[in-house]
Amino acid sequence: MTNNNTWLDQLTQNADVATVLLAGLPQTADMWYSVIANEPRLRVVARAVAREDLHAKLAANPQILLLDALLAQGPQDLADLLNGLQVPLIYVVFPAQIPDADFHAVQAAMRRDGVKFYRDTANLVDLVRTMVTDAQMLQRQNGASWSAELSGARQVLPVRLVGVWSLAGGVGKTTIASNLAFAAARRGIPTLLVGMGAPDDLPLILGLKPQPNITTWRANPSQESLKAALQKRDVVDVLAGFPDMLSAAQAISTPPDAANSLRNLADQAIRLGYAAIVFDLPPSMESVAALGVINLLLLVARPSVEGVMRTVEGYRTVVERLGLENLLHPQNLRVVLNRVRDRIDSKSFHDLANRYLKPNNPQAAFPPVSVSIPDRLEVGQAHDRGDWPYLACDPLARAMDTLATELFGGASQPPVGDNGTKRLRIKLPF
802 MTNNNTWLDQ LTQNADVATV LLAGLPQTAD MWYSVIANEP RLRVVARAVA
852 REDLHAKLAA NPQILLLDAL LAQGPQDLAD LLNGLQVPLI YVVFPAQIPD
902 ADFHAVQAAM RRDGVKFYRD TANLVDLVRT MVTDAQMLQR QNGASWSAEL
952 SGARQVLPVR LVGVWSLAGG VGKTTIASNL AFAAARRGIP TLLVGMGAPD
1002 DLPLILGLKP QPNITTWRAN PSQESLKAAL QKRDVVDVLA GFPDMLSAAQ
1052 AISTPPDAAN SLRNLADQAI RLGYAAIVFD LPPSMESVAA LGVINLLLLV
1102 ARPSVEGVMR TVEGYRTVVE RLGLENLLHP QNLRVVLNRV RDRIDSKSFH
1152 DLANRYLKPN NPQAAFPPVS VSIPDRLEVG QAHDRGDWPY LACDPLARAM
1202 DTLATELFGG ASQPPVGDNG TKRLRIKLPF
């Protein structure tokens, strides 16, 4: 089962969607996201979790800013910040610990329109409705669609943080992740491939060195350190994963707001200009942190009854047990059926998965199968030679191109040569 409406279409071709930047402490931003995610007329394009992070994320050109007043250093700092912003609509939420005097002082210091102030006791659902109404009014006043900036030279598209994952080993996750990154990079999209294995297979199959790797960055989590930790294979930039289980175990306990957390890694990669970040996720605890960072998930499955059960369990892990249903909307989960022979086709796989899923959750709908990839000997042979299976196996290449179109768009960027000499960069929210 395939879906002709790509994620790019859903995000960029709907003129009734206003873009939102969330700026608040991680728990606050997560709570806001959980409510806004249920409003189809709003789309979160970036999140800032610190004052110094806000200006970088404003490059996403949001139409709406939802701001936690605690990100500022005080009433004067907040007033100066708000007066200097070019975002058309700003909504500021003041937590209870901020005195009423400061609340009123910031209001009195406003020298611009389009800013509204709320106490954190305000009904967030009502606030979201106000945001939609204000955005509709602004659109009518301007006489242009909200997504007008998506056309022409000022093209603005959301950054794709893609996780490729399965609870089962040996299903071809690394093959899918690496060749998807290759397909994206060939389209001129600045792409970073991040390994998370322990030990990681990416250096082996891509002919790279085991070091530098992700531990290089974790020891000194800065943008310069990230650049130093990257290796390049043709048009793809690669951050190799963990060299051993011990280093991976140390990373598992990293708080999500730590300097060397995966969330900060993703933020730094975005600031470096990457528009597509593909995480190759192992079927182990190292993946939990990444599942909380990504905004698109590919579940890789084998076409068997066991494959169906493992994939359904993976879906439940993400949506029900980890509580990520608001970070990974149903339309942002896809299934890749890999190494297909004659056992189960895409439709049978999807029907069987729904049958396993619905007894425990009758309202759930299992994600569609985006692509079905046949089991071909040349894929393994290409790996053994250190080549890209994308260039050796036409069915795999077609599947990766289909996925790349769904995730990253199809015609906006021309293909490039394998040496990357014609690689183009596009303006995306980073």
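Just so we're aligned, residue 802 is where the sequence shown starts under our numbering, counting upward by one.
Ideal Cβ placement from N, Cα and C applies to all residues, glycine included.
In three-state DSSP terms, what is I764?
Only positions 802 to 1231 of the chain appear in the structure, and residue 764 is not among them; the question remains open.
Is DSSP giving D1058 helix, strand or coil here?
Residue mapping note: residue 1058 aligns to position 257 of the sequence shown, counting from 1. Looking at D1058 - three-state DSSP - the assignment turns out to be coil, as it is neither helix nor strand.
Strand pairing of S1173, partner residues [DSSP]
To locate residue 1173, count along the sequence shown from 1; it is residue 372. Its beta-bridge partners are L1138.
Should K1010 go down as buried or exposed, given a rule of 16 or more other Cβ atoms within 10 Å for buried?
In the sequence shown, residue 1010 corresponds to position 209, counting from 1. The residue in question, K1010, is exposed, as its Cβ has fewer than 16 Cβ neighbours within 10 Å.
Out of K1159, S1147, D1152, point me to the one whose CA is closest to N1117's CA.
Counted from its first residue, the sequence shown places residue 1117 at position 316. For the record, residue 1117 in the displayed sequence is Arg; it is not Asn. Measuring from the Cα of R1117, the nearest candidate turns out to be K1159.
If I follow the unbroken alpha helix (DSSP H) through W1018, where does it start and stop?
In the sequence shown, residue 1018 corresponds to position 217, counting from 1. Here the alpha helix (DSSP H) through W1018 covers 1015–1020.
Closest Cα partner of R913 within the set R1072, A861, A1067, G885
In the sequence shown, residue 913 corresponds to position 112, counting from 1. Residue G885 is the option with its Cα nearest to R913.
Segment limits, beta strand (DSSP E) that includes V1037
Indexing the sequence shown from 1 puts residue 1037 at position 236. First-last of the beta strand (DSSP E) with V1037: 1037–1040.
Looking at C-beta atoms only, is the number of pairs between the stretch 889–897 and the stretch 854–866 that lie closer than 8 Å three or more?
yes
Considering Cα atoms alone, identify which of G1074, N1096, L1073 is closest to F1080.
Translated into positions along the sequence shown, residue 1080 becomes position 279. When each option's Cα is compared against that of F1080, the closest is N1096.
Using DSSP bridges, identify the partner residues of I990.
Along the sequence shown, read from residue 1 onward, the residue named residue 990 stands at position 189. None, per the DSSP bridge assignment.
Between which two residues does the beta strand (DSSP E) holding G1240 run?
Lying outside 802 to 1231, the shown extent of the chain, residue 1240 is not represented and no answer is given.
For L843 and W966, believed in contact at Cβ under 8 Å, the rounded distance
Position 165 of the sequence shown, counted from the first residue, corresponds to residue 966. Position 42 of the sequence shown, counted from the first residue, corresponds to residue 843. In fact, because the Cβ distance is near 27 Å, the residues do not count as touching under 8 Å.
What residues in its chain sit with their C-beta under 7 Å from that of W1189, if we drop five residues either side in the sequence?
What you label residue 1189 is simply residue 388 of the sequence shown in a count that begins at 1. These residues qualify, in order along the chain: N980, F983, A1183.
With respect to the alpha helix (DSSP H) encompassing F904, which residues constitute its N-terminal and C-terminal limits?
To locate residue 904, count along the sequence shown from 1; it is residue 103. From DSSP, the alpha helix (DSSP H) with F904 extends over 901–909.
How would you write the range of the beta strand (DSSP E) that L868 sits in, first residue to last?
Mapped onto the sequence shown, residue 868 falls at position 67. Unbroken beta strand (DSSP E) run through L868: 865–869.
Among the candidates V846, A824, V1113, whose CA atom is the shortest distance from the CA of R1232?
Because the chain in this structure spans residues 802 to 1231, residue 1232 falls outside the shown range and cannot be described.
In angstroms with no decimal places, state the Cα-to-Cα distance between T976 and V1037.
Along the sequence shown, one-based indexing puts residue 976 at 175. Along the sequence shown, one-based indexing puts residue 1037 at 236. Near 14 Å, if we compare the C-alpha coordinates of V1037 and T976.
Cβ shell of Q1032 (< 6 Å), same chain only, five flanking positions each side left out:
Residue 1032 sits at position 231 when you count from the first residue of the sequence shown. Closer than 6 Å at Cβ, skipping near neighbours: L1009, V1039.
Enumerate in chain order the residues of its own chain whose CB-to-CB distance from R920 is below 7 Å, with the five nearest sequence positions on each side excluded.
Counted from its first residue, the sequence shown places residue 920 at position 119. Around R920: F895.
With a Cβ-Cβ cutoff of 9 Å, do I1053 and V1089 count as a contact?
For the purposes of this step, residue 1053 is taken as residue 252 along the sequence shown, with counting starting at 1. For the purposes of this step, residue 1089 is taken as residue 288 along the sequence shown, with counting starting at 1. For I1053 and V1089, yes; Cβs fall inside 9 Å.
Should N1139 be labelled buried (16 or more other beta-carbon atoms within 10 Å of its own) or exposed?
Here residue 1139 is taken as the residue at index 338 of the sequence shown, counted from 1. The residue is buried, with at least 16 neighbouring Cβ atoms inside 10 Å.
With a threshold of 16 other CB atoms inside 10 Å of the CB of L958, please say whether the residue is buried or exposed.
As a working note, residue 958 is residue 157 in the sequence shown. Per-residue confidence for L958 stands at a pLDDT of 42, beneath the threshold of 50, marking its modelled position as unreliable; no derived number is given.
Report back the beta-carbon spacing between S1171 and L1197 to the nearest angstrom; my notes put them in contact at under 8 Å.
By 1-based counting over the sequence shown, the position of residue 1171 is 370. By 1-based counting over the sequence shown, the position of residue 1197 is 396. Actually they are not in contact, since the Cβ atoms of S1171 and L1197 sit about 14 Å apart, beyond 8 Å.
May I ask you to report which of helix, strand or coil DSSP gives W1189?
As a position in the sequence shown, residue 1189 is number 388, starting the count at 1. The answer is coil: DSSP assigns W1189 none of H, G, I, E or B.
Helix, strand or coil for G875? Go by DSSP, reduced to three states.
Your numbering for residue 875 matches position 74 in the sequence shown. Coil at G875, not helix or strand.
If you compare alpha carbons, which of L968, L1003, A902 is closest to R1111?
Taking the sequence shown and counting its residues from 1, the one referred to as residue 1111 is at position 310. Among L968, L1003, A902, the Cα nearest to that of R1111 is on L968.
Any idea if M1201 is buried or exposed, counting beta-carbon neighbours within 10 angstroms, 16 or more meaning buried?
Taking the first residue of the sequence shown as position 1, residue 1201 is located at position 400. Buried is the call here.
Quick check on DSSP: helix, strand or coil for V965?
To locate residue 965, count along the sequence shown from 1; it is residue 164. Three-state result, V965: strand.
Between which two residues does the alpha helix (DSSP H) containing K1028 stretch?
Within the sequence shown, numbered from 1, the residue matching residue 1028 stands at position 227. Here the alpha helix (DSSP H) through K1028 covers 1024–1030.
Distance check for V926 and L809, CA to CA, integer angstroms please.
Within the sequence shown, numbered from 1, the residue matching residue 809 stands at position 8. Within the sequence shown, numbered from 1, the residue matching residue 926 stands at position 125. Reliability of the predicted coordinates at L809 is poor, the pLDDT of 36 falling under 50, and no value is obtained from them.
Specify the secondary structure class of I1145 as computed by DSSP and reduced to three states.
On the sequence shown, position 344 is the one that residue 1145 refers to. I1145 falls in the coil class under three-state DSSP.
Name the two residues that bound the continuous alpha helix (DSSP H) containing V893.
Along the sequence shown, one-based indexing puts residue 893 at 92. No alpha helix (DSSP H) holds V893; the beta strand (DSSP E) holding it covers 890–895.
Does the beta-carbon of R955 have 16 or more other beta-carbons within 10 angstroms, so that it is buried, or is it exposed?
Taking the first residue of the sequence shown as 1, we reach residue 955 at position 154. Unreliable placement is indicated for R955, whose pLDDT of 34 sits below 50; no coordinate value is reported for it.
Could you check the C-alpha separation between L1027 and A1059 for me, to the nearest Å?
Locating residue 1027 in the sequence shown gives position 226, where the first residue counts as 1. Locating residue 1059 in the sequence shown gives position 258, where the first residue counts as 1. Using only the alpha carbons, I get a separation of about 16 Å.
Name the DSSP beta bridge partners of K1033, please?
Start at 1 with the first residue of the sequence shown, and residue 1033 comes out as number 232. Its beta-bridge partners are D1038.
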